[in-house]
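Quick note on numbering: the sequence shown equals residues 0 to 210 in numbering that gives the first Met the number 0.
Below is one structure, written out as structure tokens, with a few remarks after it.
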Amino acid sequence: MDFQVKGVYEEIGSQQLDSLILITLESAKEAFETDEYNMVMVLPEDIDEVEDLGTEIEDSVEDVSAITTAQFSRQISQIIDQISFFTIGIGAISAIVGGLGVMNTMIMSVMERRREIGVLKAIGATNNYVLKMILIESGIISLIGGLLGLGVGYATSRAIGIMSEGTANAIVTPRLALYSLGFALFLGIVGGLYPARKAAKLSPVEALRYE
């Protein structure tokens, strides 16, 4: 079917409503080859009578449920809360797994470099120096992982926006990026603390004997 544009509505800030195309009921029936429709939007004359109007519609029409804007907003809020709790749970699990991964990586690194650490301590490196060295390495590894994660996250958000044709835009702000990198650094330091302390307490004699 061919349509002629009669006008363009001003944007109101809703992705769903701003992306709508309004046509007449007759044109819709012809385009979709059906006389049925699944939703009707009703605008009351008095906004204070919305709840009563919804009840009246449900009592008057069979197999129809009326949802007011306030009820719809509450449902959306509940869904957002559930998604938020789920996201927090996934984030917590990811943080624990990430911290354990950093710890395991640094423990293996310390074990493989026992002789190197022993030489450093034999020529005067203090426990504090060794501790800081391992923590810095752990932090750098986590920052690199955080940067890679940001890159993947940004690419994914762009892909979601393209596939959804702009109806589900995930935004990665500079502040969010800084928070993510800061958390990655914190996770690296916490995960590297145990292997760093273990490396700092190594005896130079025992470390130099290690093959």
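Positions of the beta carbon are idealized from the N, C-alpha and C atoms, including for glycine.
No experiment lies behind these values; they were computed from the predicted model shown.
Inter-residue spacing [alpha-carbon to alpha-carbon] between residue i and residue j
i: K28; j: M0; result: 12 Å
i: K180; j: L130; result: In the sequence under discussion, the amino acid at residue 180 is Leu, which differs from the Lys named in the question. So the alpha carbons of these two residues sit roughly 22 Å apart.
i: A124; j: F185; result: 25 Å
i: R73; j: G90; result: 25 Å
i: L149; j: A94; result: 15 Å
i: L256; j: S59; result: The question about residue 256 has no answer here: the residues shown for the chain are numbered 0 through 210.
i: S156; j: I75; result: 21 Å
i: M40; j: I22; result: 14 Å
i: E32; j: G88; result: 46 Å
i: Q77; j: V7; result: 33 Å
Endpoints, the alpha helix (DSSP H) within which residue i is located
i: F2; result: It is not in any alpha helix (DSSP H) - F2 carries neither H nor E in the DSSP assignment.
i: S108; result: 68–111
i: K260; result: Here the chain covers residues 0 to 210 and nothing more, so residue 260 does not appear.
i: L24; result: 24–31
i: I56; result: 49–59
Residue from the options with nearest C-alpha to residue i
i: Q3; options: L147, T125, A206, I20; result: I20
i: I133; options: G187, V7, L207; result: G187
i: V63; options: L42, D17, N37; result: N37
i: R112; options: D17, A198, E9, L16; result: A198
i: G117; options: G190, V204, S18; result: V204
i: T54; options: I66, A206, F71, A154; result: I66
i: S202; options: G190, R114, T33, S83; result: R114
i: G145; options: M162, I161, T172, L177; result: L177
i: T104; options: S18, I79, D80, I140; result: I140
i: T172; options: I159, I161, G152; result: G152
i: F182; options: I143, A158, A154, I159; result: I143
i: V101; options: M162, L192, K120; result: L192
Check whether residue i and residue j have beta carbons under 8 Å apart
i: A195; j: S108; result: no
Residue i CB to nearest heavy atom of the ligand FMN below 7 Å
i: V49; result: Because no ligand of any kind appears in the structure shown, any question about the ligand FMN cannot be addressed here.
is_contact[residue i, chain B] using C-beta, thresh 8 Å
i: N103; result: Considering every chain present, this structure includes no chain B. It has just one protein chain.
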